[in-house]
Structure formats: structure tokens, C-alpha cells
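Protein chains: 2
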Amino acid sequence: MFAKQVNLVIVDDHPLIIQGLKALLSSHEQLNVLASFTKGQDVIAFLLGQEVDVVILDISLPDCNGMDICREIKTMAPATRVIALTNHNERSLIMQMLQNGANGYLLKNASSEELISSITQVMNGQLSFSTGIEEIITQPAVYEQGPVPKLTRRELEVLKLIAAGETSTVIADRLCVSPLTIEMHRRNLLQKFKAKNVAVLIRMSFQLGLIK
Amino acid sequence: MFAKQVNLVIVDDHPLIIQGLKALLSSHEQLNVLASFTKGQDVIAFLLGQEVDVVILDISLPDCNGMDICREIKTMAPATRVIALTNHNERSLIMQMLQNGANGYLLKNASSEELISSITQVMNGQLSFSTGIEEIITQPAVYEQGPVPKLTRRELEVLKLIAAGETSTVIADRLCVSPLTIEMHRRNLLQKFKAKNVAVLIRMSFQLGLIK
DNA sequence: AAATATATACTGGTTTTCCAGTATTTTTGG
DNA sequence: CCAAAAATACTGGAAAACCAGTATATATTT
């Protein structure tokens with residue numbers, strides 16, 4: 038199955054997920070878990086001094102954005118394969134991860150067999166996806182989004198206040214600017230998300246993990 | 038630590054979580070995992086023919102609502118302890134689970150020690166919570182919600198269409214009713230969620246797992 | 001230093017939401 | 001069968017969002 042020993046690293050903020058992955062991988066002799074981390078920056082530091090074949094990487098990490106970590110990993114260690122492991126199945130996120138160099142994309146409800154198969158595939162130089170993910174990627178979405186919107190500091194601030202239910206007038210008072218400025222931020226946010234109104238803006242922000 | 042053998046059952050839609058829990062629990066002789074399920078209804082069927090000490094129960098299950106399963110378990114087997122294991126830390130959900138009879142509430146980022154400790158506590162007849170959960174429960178929320186809103190079939194239908202970004206006029210056309218009817222549904226939804234506008238409505242609906 | 005992006009702010013206007021109250025019909029539960 | 005809940009619908013009106021375009025100042029990037 039594996040031509041040689043495969044060295045892996047796990048990054049997930051759930052100790053139980055890490056535990057489960059270790060238990061699963063340990064029943065395969067040639068799969069060797071070198072380390073596990075609950076923070077993204079720790080894996081970057083680790084990779085500076087250690088060569089790793091596969092990183093299994095959660096997207097939602099407490100200290101940073103898994104997508105950025107993915108890009109960083111591929112920048113510093115291009116030969117290292119990255120398999121995203123996440124609950125998110127939004128096409129935008131999947132495409133963004135692939136754009137950032139991910140070799141695989143698994144959902145957390147994947148089976149053991151699926152995980153092992155995925156590791157095999159990426160080690161063979163292939164891309165690997167959970168059941169259903171390929172379908173999500175390939176079928177043109179009814180509402181086609183571009184990449185995940187990149188928000189400025191101010192836009193994110195305004196978005197959070199909108200999500201908290203505040204009106205433009207209240208937000209303007211809070212941020213000491215004109216209500217017309219906030220209206221302009223709203224318009225820009227709607228355009229970036231290709232959203233027709235606040236309902237879609239909030240929903241997509243949630244789905245993309247921009248707000249919790 | 039445990040006066041006697043503790044029989045447990047795990048219900049979670051993530052095989053990796055189940056794997057992790059099993060690995061963890063198996064290193065404690067007196068903790069005996071009888072079975073695991075990825076569907077809520079399966080655990081109910083199991084409990085009909087088997088006495089269980091502790092059920093570790095995810096709230097988000099694919100076939101049903103973990104909160105309802107919790108209530109069902111406590112109805113049919115009051116002596117069985119239920120520990121919720123979830124990613125949600127909204128006060129409403131925590132209170133609802135306690136209301137439905139849960140004995141513990143853990144977040145999925147809990148450590149191994151925390152889990153074992155929780156099992157110990159519930160077996161001793163105590164309530165048990167993840168770090169931080171007690172704080173969430175005890176501090177009066179800035180925006181105090183009541184219990185998780187119970188939506189009618191029609192209300193949920195309208196909510197989903199609102200979340201999809203449709204206006205009241207469009208929703209009315211879709212459902213073959215007057216736009217004024219939809220406006221009335223909107224008003225009722227805002228009242229049930231104690232939301233001041235659609236932004237809060239959508240945000241809370243996602244936070245409470247009512248829509249995905 | 002220059003180009004670009006961001007933040008800010010305005011005019012003028014339409015659409016939509018939110019609000020409060022009221023009323024009737026239909027459905028559901030006891 | 002009856003009471004209660006849900007669904008439906010209306011009047012009248014204010015507040016807020018959404019829209020399109022335009023403009024200037026500041027910050028950032030090249």
C-alpha cells in the first residue's frame with residue numbers, strides 16, 4: 038500500500054479528533070504520526086526543523102486561518118502534502134484550499150477507509166476528496182461565488198456590527214463616522230460577497246467562518 | 038476512581054470522534070464502550086434492550102436533533118446519564134440540554150482529562166461542564182434569550198427562504214400567499230428569536246443549528 | 001514618487017423591512 | 001366537540017436598507 042514509511046503531522050483544535058486520527062493511523066505500521074498540534078503556528082515551527090510527508094490540517098484553528106497555514110506550508114515545504122480536514126463543504130472554501138496548494142479535502146464525517154485511501158492518493162501524487170466533494174467542486178453552483186472575499190479591517194468590523202443587529206446609524210455612532218460611510222461599507226460588503234441583502238451576507242459570513 | 042464498571046455508548050456523526058473517544062476510554066479498564074452510533078435513532082433502539090450508564094451524545098446528528106434524543110433517553114432510561122459533546126457554546130443550547138435532562142455538557146475541544154473527569158462527576162450524580170461553560174451559564178447574557186425557539190413548519194420554511202436572501206414579495210409568490218402573510222411570519226420570527234432585525238435572526242438561526 | 005486601494009462622505013431615489021394593531025379562517029390538540 | 005394555536009390577511013406608517021453615481025482624503029503598495 039505504501040512504498041515507504043509515511044511521516045504525518047496532525048493539526049486540529051479538537052484533542053478527540055487528534056486522538057481518533059492517531060488511533061486509526063497507528064493500526065497501519067507504515068503510517069507514522071510524528072507530532073500533533075492544536076495551533077497552526079506550532080506546525081509551521083515544527084516543519085522548519087523536520088521533513089514531513091503529510092499534514093492533516095483543520096481549517097478552523099483558534100489562532101489563525103487554516104487556509105493561510107496551508108499556503109505557508111506549501112511555500113516552505115512544497116513536497117509536503119496537505120489534506121484539509123473540516124466540517125465545511127462550501128465550494129468557495131474548497132476552491133480556496135486547492136488554490137492555496139492543498140492536496141486533499143476531507144470532511145470530518147469521513148470514514149476510516151476514506152482517510153487511509155486519501156493518504157494513499159496524495160502520496161501517489163493525486164488529489165483526494167471526500168465523497169461528495171468532487172461533485173460540489175465540479176457542478177456549477179446555482180449561486181456561483183468567486184473566491185472567499187478578502188475583507189479589510191474596517192469591513193470586518195462593520196460586518197460584525199451588522200451581524201450583531203445594529204443599524205447603520207448606530208454603527209456610525211459607534212465608529213464615529215457618518216452613517217453614509219457605513220452605508221457605503223454595506224454596499225461594498227454586499228458586492229464582495231455577491232449578496233443581494235444582509236440575510237445572504239450574514240449566512241455566507243457564517244458558512245465561510247468569518248463570523249461565529 | 039470508578040466504584041464499578043461503567044458502560045458507555047457514544048453517539049456522534051464523526052467516525053473520527055468516535056475513534057478518538059474509544060481510544061481514550063479504552064485506556065481506562067473500568068470504562069466499557071458497549072456500542073457507538075452515528076445516528077440518533079439507533080441509540081434509542083439500543084437502549085430498549087440494554088442498560089447503559091452513560092451516553093456521550095453529539096447535538097448535531099444527521100437524522101435528528103440531539104436535544105430531542107436527550108429527552109427521549111431520559112424519558113425511557115432516567116438513570117442513564119447523558120453528556121452532551123458539541124461545538125456549540127450558545128447559552129440557549131446549553132440551557133435547553135439541561136432542561137432536557139443532560140447531566141453534562143462538553144465542548145469538542147475538551148481535553149482527555151476533562152472527559153474522564155466529566156464521566157466521574159456524572160457517575161457521582163453531579164453535573165459536569167467543560168471549562169468556560171459554567172461561566173456562560175451563570176453570567177446573565179447581555180442579550181438574554183429564552184429557550185431555543187420552537188418554529189412551526191411554515192415558519193421554518195419562511196426562515197430558510199429569508200436566509201436564501203429572498204424578499205417577502207418573492208417568498209409570497211413562491212408559497213402562493215399574500216406578501217402581508219410573509220410580513221406577519223417575519224414579525225413572528227423576530228419575536229420568537231427576540232431579534233431586532235434579519236441579521237440577528239439569521240445569525241442566531243445558524244448558531245442554534247436551525248439552518249445550515 | 002506614483003499608482004492603487006481604502007476610507008470617507010454626499011445627492012437623490014426606490015425598495016424593503018419593521019412596527020402596532022386588528023380580524024377571520026383553518027388546523028391541531030385535548 | 002371545543003379551545004387553542006397557527007396561518008392568513010389587512011390598514012397605516014415610519015425606519016432602514018439598497019441602489020447608482022460621484023468625489024476627496026488618507027493609507028498602502030509598488
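Sequence order for the protein chains is D and C.
Under this note's numbering, the first sequence is numbered contiguously, ending at residue 249.
Under this note's numbering, the second sequence is numbered contiguously, ending at residue 249.
Glycine residues also receive a C-beta, built at the ideal position from the N, C-alpha and C atoms.
Model, not experiment: these values are computed from the prediction.
Task: Continuous beta strand (DSSP E) stretch holding V119 (chain C): start and end - done: Residue 119 (chain C) sits at position 82 when you count from the first residue of the second sequence. R118 to T123 is the span of the beta strand (DSSP E), which, as asked, contains V119 (chain C).
Open item on the list: Measuring straight from C-alpha to C-alpha, what distance separates E171 (chain D) and G86 (chain C)?
Closed with: Position 134 of the first sequence, counting from 1, holds the residue named residue 171 (chain D). Position 49 of the second sequence, counting from 1, holds the residue named residue 86 (chain C). Each residue's alpha carbon lies about 41 Å from the other.
Open item on the list: Please list the terminal residues of the continuous alpha helix (DSSP H) segment that includes L61 (chain C).
Closed with: Within the second sequence, numbered from 1, the residue matching residue 61 (chain C) stands at position 24. Run containing L61 (chain C): P52 to S63, per the alpha helix (DSSP H) assignment.
Task: 8 Å Cβ cutoff, R240 (chain D) in contact with chain C - done: One-based indexing of the first sequence puts residue 240 (chain D) at position 203. Yes, contact with chain C.
Open item on the list: Suppose you measure from the CA of D50 (chain D) to the CA of G246 (chain D); what does that come to, to the nearest Å?
Closed with: Taking the first residue of the first sequence as position 1, residue 50 (chain D) is located at position 13. Taking the first residue of the first sequence as position 1, residue 246 (chain D) is located at position 209. If you take the alpha carbons of D50 (chain D) and G246 (chain D), they lie about 15 Å apart.
- [ ] Report, in whole angstroms, the separation of the C-beta atoms of V185 (chain D) and L130 (chain D), which I expect to be a contact under 8 Å.
- [x] As a first step, residue 185 (chain D) is located in the first sequence; it is residue number 148 there, counting from the start. As a first step, residue 130 (chain D) is located in the first sequence; it is residue number 93 there, counting from the start. Between L130 (chain D) and V185 (chain D) the Cβ distance is about 7 Å, and since that is below 8 Å, they are a contact.
Task: Spatial distance of L143 (chain C) from N161 (chain C) (CA atoms) - done: By one-based count along the second sequence, residue 143 (chain C) stands at place 106. By one-based count along the second sequence, residue 161 (chain C) stands at place 124. Cα-Cα distance, rounded: 17 Å.
TODO: Kindly examine the ligand FAD and report whether one of its heavy atoms sits closer than 7 Å to the Cβ of V91 (chain C).
DONE: For the structure depicted, the ligand FAD is absent and the ligand set is empty, with no information on it obtainable.
TODO: Starting from the beta carbon of L58 (chain D), find every residue of chain C whose beta carbon is closer than 9 Å, and list them in chain order.
DONE: Your numbering for residue 58 (chain D) matches position 21 in the first sequence. Annotation: Cβ neighbours of L58 (chain D) in chain C (cutoff 9 Å, chain order): L53, Q56 and G57.
Task: CB contact check: V91 (chain C) to chain D, cutoff 8 Å - done: Start at 1 with the first residue of the second sequence, and residue 91 (chain C) comes out as number 54. Answer no: the Cβ-Cβ gap between V91 (chain C) and chain D never drops below 8 Å.
- [ ] Look at the Cβ atom of A114 (chain D), then the Cβ atom of L94 (chain D), and state whether they are nearer than 8 Å.
- [x] In the first sequence, counting from the first residue as 1, residue 114 (chain D) sits at position 77. In the first sequence, counting from the first residue as 1, residue 94 (chain D) sits at position 57. Contact: no.
Task: Burial state of N137 (chain C), where buried means 16 or more other Cβ atoms lie within 10 Å - done: Counting from one through the second sequence, the residue named residue 137 (chain C) turns up at place 100. The residue is buried, with at least 16 neighbouring Cβ atoms inside 10 Å.
Open item on the list: Quick check on S148 (chain D) - is its C-beta less than 8 Å from some C-beta in chain C?
Closed with: Along the first sequence, one-based indexing puts residue 148 (chain D) at 111. S148 (chain D) counts as touching chain C.
Open item on the list: Let's see if you can read the secondary structure: which residues bound the alpha helix (DSSP H) around N225 (chain D)?
Closed with: One-based indexing of the first sequence puts residue 225 (chain D) at position 188. Its alpha helix (DSSP H) spans residues P216 to F230.
Task: Residue of C:N102, C:G141, C:E109 and C:K111 minimising C-alpha distance to I120 (chain C) - done: The residue given as residue 120 (chain C) occupies position 83 in the second sequence. Considering only alpha carbons, the answer is C:G141.
TODO: Round the Cβ separation of I239 (chain D) and A236 (chain C) to the nearest angstrom and send it over; I've been treating them as touching at under 8 Å.
DONE: Sequence index remark: in the first sequence, residue 239 (chain D) carries index 202 (1-based). Sequence index remark: in the second sequence, residue 236 (chain C) carries index 199 (1-based). About 5 Å; that satisfies the 8 Å criterion.
- [ ] Label D210 (chain C) either buried or exposed according to how many other C-beta atoms from any shown protein chain fall within 10 Å of its C-beta, with 16 as the threshold for buried.
- [x] On the second sequence, position 173 is the one that residue 210 (chain C) refers to. When all chains shown are included, D210 (chain C) counts as exposed.
Task: Coarse secondary structure for D95 (chain C), derived from DSSP in three states - done: The sequence position of residue 95 (chain C) within the second sequence is 58, counting from 1. In this structure, D95 (chain C) counts as strand in the three-state DSSP scheme.
- [ ] List the residues of chain D that K76 (chain C) touches, going by C-beta distances under 7 Å, in chain order.
- [x] Here residue 76 (chain C) is taken as the residue at index 39 of the second sequence, counted from 1. The contacting residues do not exist; K76 (chain C) stays about 12 Å from chain D at best.
Open item on the list: Looking only at its chain, what residues have a beta carbon closer than 8 Å to the beta carbon of T123 (chain C), apart from the 5 residues adjacent to it on each side?
Closed with: If you number the second sequence from 1, residue 123 (chain C) lands on position 86. Closer than 8 Å at Cβ, skipping near neighbours: D95, I96, S97, G103, L130, Y142, L143, L144 and K145.
Task: F39 (chain D) - DSSP class collapsed to helix/strand/coil - done: Taking the first residue of the first sequence as 1, we reach residue 39 (chain D) at position 2. In the structure shown, F39 (chain D) sits in coil (DSSP, three-state: anything other than H, G, I, E or B).
Task: Beta-carbon contacts of K249 (chain D) that lie in its chain and below 8 Å, excluding the five residues immediately before and after - done: What you label residue 249 (chain D) is simply residue 212 of the first sequence in a count that begins at 1. Hits under 8 Å: F243.
- [ ] Given a cut-off of 8 Å, decide if I156 (chain C) and V48 (chain C) are closer than it, judged by their beta-carbon atoms.
- [x] Counting from one through the second sequence, the residue named residue 48 (chain C) turns up at place 11. Counting from one through the second sequence, the residue named residue 156 (chain C) turns up at place 119. Against a cut-off of 8 Å, the Cβ pair of I156 (chain C) and V48 (chain C) comes out as no contact.
TODO: Please name the residue, chosen from C:V89, C:I106, C:C101 and C:L135, that lies closest to A116 (chain C) on a Cα-to-Cα basis.
DONE: Within the second sequence, residue 116 (chain C) is the residue found at index 79, counting from 1. Nearest of C:V89, C:I106, C:C101 and C:L135 to A116 (chain C), Cα basis: C:V89.
Task: L58 (chain D) versus D:E220, D:S148, D:Q133 and D:I173, residue with shortest Cα-Cα distance - done: For the purposes of this step, residue 58 (chain D) is taken as the residue at position 21 of the first sequence. The shortest Cα separation from L58 (chain D) among D:E220, D:S148, D:Q133 and D:I173 belongs to D:S148.
Task: Among D:L62, D:I55, D:I208 and D:P52, nearest to F39 (chain D) - alpha-carbon criterion - done: Taking the first residue of the first sequence as 1, we reach residue 39 (chain D) at position 2. It is D:L62 whose Cα lies nearest to the Cα of F39 (chain D).
Task: Sub-8 Å separation of I110 (chain D) and V91 (chain D) beta-carbons - done: Locating residue 110 (chain D) in the first sequence gives position 73, counting from the first residue. Locating residue 91 (chain D) in the first sequence gives position 54, counting from the first residue. Cβ atoms of I110 (chain D) and V91 (chain D): not closer than 8 Å.
TODO: Please look up how many angstroms separate the CB atoms of E150 (chain D) and S167 (chain D), rounded, as I've assumed it's under 8 Å.
DONE: In the first sequence, the residue the question calls residue 150 (chain D) occupies position 113. In the first sequence, the residue the question calls residue 167 (chain D) occupies position 130. Not really, about 12 Å apart at Cβ, beyond 8 Å.
- [ ] Note down, in chain order, every chain C residue with its Cβ under 7 Å from the Cβ of I170 (chain D).
- [x] If you number the first sequence from 1, residue 170 (chain D) lands on position 133. The contacting residues do not exist; I170 (chain D) stays about 16 Å from chain C at best.
Open item on the list: Within 8 Å of any Cβ in chain D, is that where the Cβ of V80 (chain C) sits?
Closed with: By 1-based counting over the second sequence, the position of residue 80 (chain C) is 43. So, not an interface residue.
TODO: Name the two residues that bound the continuous beta strand (DSSP E) containing L143 (chain C).
DONE: Residue 143 (chain C) sits at position 106 when you count from the first residue of the second sequence. Secondary structure note for L143 (chain C): its beta strand (DSSP E) is the uninterrupted segment G141 to L144.
TODO: Pick out whichever of C:V80, C:R118 and C:T112 has its Cα sitting closest to the Cα of C101 (chain C).
DONE: Here the question's residue 101 (chain C) lines up with position 64 in the second sequence. Nearest C-alpha to C101 (chain C): C:V80.
- [ ] Starting from the beta carbon of D50 (chain D), find every residue of chain C whose beta carbon is closer than 9 Å, and list them in chain order.
- [x] As a first step, residue 50 (chain D) is located in the first sequence; it is residue number 13 there, counting from the start. The answer, in chain order, is K145 and N146.
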